[in-house]
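Number of protein chains: 2
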Amino acid sequence: MDRFHAYVDANEDRFLAQLKNLCSQPSVAAQKLGLTETADMVLEMLQAIGADARLIQVAGAPPVVYGEMGSGDRTLVVYDHYDVQPPEPLDQWESEPFSPEIRQGFLYGRGVSDNKGDLVSRLQAIEAYQATVGELPLKVKFFFEGEEEIGSPHLAQFVAENGELLLGADGLLWEGAAKDMCGRPALYLGLKGIQYLELRVKGASRDIHSSWAPLIPNPVWRLVWALNTLKDERDRITVDGLMDHVAEPPMEEMELLKKIPFEEEQIRKDFGIPQFLGGAEGIDAVKRLLYAPTCTICGIWAGYTGEGSKTVLPSEAMVKLDFRLVPDLEPELVLDLLRKHLDRRGFEDVDIVPMSGEHPAQSSPDAPVARAAVEAAKLVYGRDPVVYPLMAGSGPMYELSQALGIPAVSGVGVGHAKSRIHAPNENIRLSDYIQAIKYMGEFMRLFAASD
Amino acid sequence: MDRFHAYVDANEDRFLAQLKNLCSQPSVAAQKLGLTETADMVLEMLQAIGADARLIQVAGAPPVVYGEMGSGDRTLVVYDHYDVQPPEPLDQWESEPFSPEIRQGFLYGRGVSDNKGDLVSRLQAIEAYQATVGELPLKVKFFFEGEEEIGSPHLAQFVAENGELLLGADGLLWEGAAKDMCGRPALYLGLKGIQYLELRVKGASRDIHSSWAPLIPNPVWRLVWALNTLKDERDRITVDGLMDHVAEPPMEEMELLKKIPFEEEQIRKDFGIPQFLGGAEGIDAVKRLLYAPTCTICGIWAGYTGEGSKTVLPSEAMVKLDFRLVPDLEPELVLDLLRKHLDRRGFEDVDIVPMSGEHPAQSSPDAPVARAAVEAAKLVYGRDPVVYPLMAGSGPMYELSQALGIPAVSGVGVGHAKSRIHAPNENIRLSDYIQAIKYMGEFMRLFAASD
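Residue numbers (our numbering), protein chains in the order written: chain B, 85 to 535; chain A, 85 to 535.
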């Protein structure tokens, strides 16, 4: 692979120019901005490296860019997305979000890390591999969607209509994990699921003067009492039956947890809190972060919330809750348990409005795709990667992984701990970018040769 | 008194013109609009009927218009206010709020009922009395403030500085009660007190991604748990010790309650609720409305409350509570009980931010001023007035009544059940206005002659 590595180094400027070109094209899913234009650009890039590529439409969604190339015993699905987060607030950018700019070894621009950087680096690795080693030693199927940043609302529909394209693949490469605060390469084997929902309660037909409070039901109190039954003062979720679906991490995953560096002092200082919930420390805190389901009040609203006092008895109340779901806790199950829990306590008047839901997803560290991801990291970065058996966050991994029986791993991506994804001044280190291209080449070689 | 009544009838057009003139002058305390101009107009009206009147300043407040006239064994304080509610929303008025207009037997305009109508009608009654019967048979002290609609924030200060002006008076006439839905005259002997406050809780130093929820304290949950200890699911206030200060109404007040008409079906229909809290009906509902203290969530806010989902762990949470206070429950007591209640349960992190507070006030139905108010109503309206021993609402009556040892009663005012005070198209019936002038004349005569 020496020639491969040398080729990547020699083409650094051209590779960065390609990335800058794609990042110059806005593609904001939340604003339906530039998505078809970007899909066309990605399609051309796929075709340029020899893939048999096309756009696949699902009603109401921007196109999925799908492509296939190579052959071998192993089939790899590469998942990335060509859409990005909105660039706002614009006045906090030091250079234009859609005019990528290199400053002192970093490239700044919306999407340079999340996730156009990962996407482009992987195509460039294939170009370099073909130019130096020869034909790809495995079959690669590209799956690039344009709605990840708004929760991939059409992904399940796509899989229902086109899932057979991916069936039988041996592994799924999922975006890319960022290097951690100390520069260690990281990768992850799963994501929590999520069920986001609103609870809504109605009272009188309109807001009325609060002097009527002795006689008129107050929906805000109803909401408080209902919420109080969902989680106790020790932060334990008390929804009937929910914790029955939560297991301790298996031994092998506990071993992975022990190796995860966790700068807890720094985190607490950064968030301005004296201690974590329940006083958790060290591996207990890591375990809790990755393996505890959550029931979070993300927002609550009722009545008058402005300055000063208004003596009003509100006619409605609303809370936004997100449940983060560990393996075995499915979104539909949570909705069902919650409805029964509330009804059992006389809260039939509390409406549940389901919003986005995503299944949890997790793959085994023993899957060939995971082992190849780890070995490639050792080769390219010269150290063991930090392997997260789960991430605290969520994503649509399940639909392309568990649902199709394909083990998944993130791989090491182009980002770092301060890449500021979803924020102004998103950036990557140029050196990380080049390493990520090399990583993809070694990963493909190792995965193709895996047992 | 026949000549008095005839004089009032004969001067109807002029009296209405005087009221329209005062209502043409905006005087919105919340917007600091036109208050000194209005105080000057009221001062002139007092001087025109022969009162020894002047403006009294308290730092930071619009002037109190104070006046004295007449002499006799009895001294009556007349409390009204010359400020009005804001006229907004303007587009819902059928005529200009500050260009009073007569249409089909009604006068429309901001303040025609609350409270310029009451104020002017009382001065006109004195003019008529002097023009027909002769010198006033009692001493009258006028106290007209300009901040009632924003909670009379300087009233206590005024009493501290100038209370001796009123000391020793035998009775206080407080604004005026509106006729009820069936046209019955009403009056009231007291008002609930109120303590409005905010509870605030802080968490992390900024809003953070909700994937951190297993480790980072959520102030919204803290607020929910704290609130849950304040009131139970049967709507009983559970603040330690608070209900110890709540007594059953005395027998004589229960007798008054029995005579209060209460169109409960109509009220429930109007508010769109199937039943009152606890299924209360009839006299139980009336008793609850007037004699139950309340703890009402008037507003609650935290985190993201817009459309759709945002996975955020909020850094702060706030609720606005109003406690309505029955006799013996003082604002300071409620604040003290609440702080101790929260501390005892480990909620030292829940801050209490006191906002406006008003003491409850109540006078005896046997006070001469109350008996005169009832007898005058029988004479003028030809039927027993509905006597409310308390009102469900609040007001600054205490400072001028209990605090100075002066029994108070509302008297019958110029308004009716659909006068739409505080709302667009505020109005009074012209015939009610003339009756209210006559009522004031008979009331003064009876009170002057009382034992």
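Where is the CB? At the ideal position from N, CA and C, for every residue including glycine.
Residue environment analysis places residue 358 of chain A among the exposed positions, since fewer than 16 neighbouring C-beta atoms fall within 10 angstroms of its C-beta.
With a contact defined as Cβ atoms closer than 8 Å, residue 389 of chain A and residue 383 of chain B qualify at about 5 Å.
For residue 523 of chain A, the uninterrupted alpha helix (DSSP H) run begins and ends at 514-532, by DSSP.
Going by DSSP, residue 395 of chain B is part of no alpha helix (DSSP H) at all; its letter is neither H nor E. Excluding the 5 residues flanking it on each side, residue 212 of chain A has same chain C-beta neighbours closer than 8 Å at 88, 91, 92, 95, 521 and 525, in chain order. Contact fails between the stretch 462-474 of chain B and the stretch 285-305 of chain A, because fewer than three Cβ pairs, one in each stretch, are under 8 Å apart. Under the 8 Å Cβ criterion, the stretch 254-264 of chain B counts as touching the stretch 149-165 of chain B, having at least three qualifying pairs. Counting only the Cα atoms, residue 228 of chain A lies some 18 Å from residue 154 of chain A. According to the DSSP assignment, residue 436 of chain A belongs to the beta strand (DSSP E) that extends over 435-442. The beta carbons of residue 275 of chain B and residue 478 of chain B sit closer together than 8 Å. For residue 397 of chain A, the neighbours in chain B by C-beta distance under 8 Å run, in chain order, 380 and 382. Per DSSP, residue 159 of chain B is one residue of the beta strand (DSSP E) stretching across 159-165. Approximately 19 Å separates the beta-carbon atoms of residue 299 of chain B and residue 340 of chain A; this is outside 8 Å, ruling out the contact. Out of B/296, B/404, B/226 and B/307, the CA that lies nearest to the CA of residue 391 of chain A is found in B/404. Bounds of the alpha helix (DSSP H) holding residue 335 of chain A are 335-342. Within the stretch 215-294 of chain A, the complete beta strand (DSSP E) runs of at least 3 residues fall at 223-229, 255-258, 270-272 and 277-286. Under a criterion of Cβ atoms nearer than 8 Å, no residue of chain A is adjacent to residue 324 of chain B; the nearest Cβ is some 17 Å distant.
Contact between the stretch 502-515 of chain A and the stretch 167-184 of chain A is present: 3 or more CB-CB pairs across the two stretches fall below 8 Å.
Around residue 373 of chain A, the beta-carbon contacts reaching into chain B at under 7 Å are 298 and 299.
In the displayed model, residue 386 of chain A falls within a strand according to three-state DSSP. Neighbourhood of residue 439 of chain B in chain A, by CB distance below 8 Å: 392 and 393, in chain order. Going by C-alpha positions, residue 455 of chain A is about 13 Å away from residue 496 of chain A. With a beta-carbon spacing of about 28 Å, residue 225 of chain A and residue 191 of chain A fall beyond the 8 Å limit used to define contacts. DSSP places residue 136 of chain A inside the beta strand (DSSP E), whose first and last residues are 136-140. Taking the beta carbon of residue 477 of chain B as reference, the chain A residues within 8 Å of it are 293 and 295, listed in sequence order.
Within chain B, no C-beta atom comes nearer than 7 Å to that of residue 166 of chain A; the closest sits roughly 22 Å away.
Residues of chain A whose Cβ lies closer than 9 Å to the Cβ of residue 201 of chain B do not exist, since the nearest Cβ in that chain is about 21 Å away. Distance from the CA atom of residue 436 of chain B to the CA atom of residue 430 of chain A, rounded to whole angstroms, is 31 Å.
In the displayed model, residue 94 of chain A falls within a helix according to three-state DSSP. Apart from the 5 residues on each side of it in sequence, residue 125 of chain A sits with its Cβ closer than 7 Å to the Cβ of 106 and 109 in its chain, given in chain order.
Using beta-carbon distances, residue 356 of chain B counts as an interface residue toward chain A, with a partner under 8 Å. Rounded to the nearest whole angstrom, the C-alpha separation of residue 363 of chain A and residue 348 of chain A is 12 Å. Close to residue 289 of chain B, with beta-carbon spacing below 7 Å, are these residues of chain A in chain order: 355 and 356. Per DSSP, the unbroken beta strand (DSSP E) holding residue 191 of chain A starts and ends at 190-192. The DSSP-derived three-state label of residue 371 of chain B is helix.
When B/149, B/407 and B/145 are compared, the shortest CA-CA separation from residue 281 of chain B is found for B/407.
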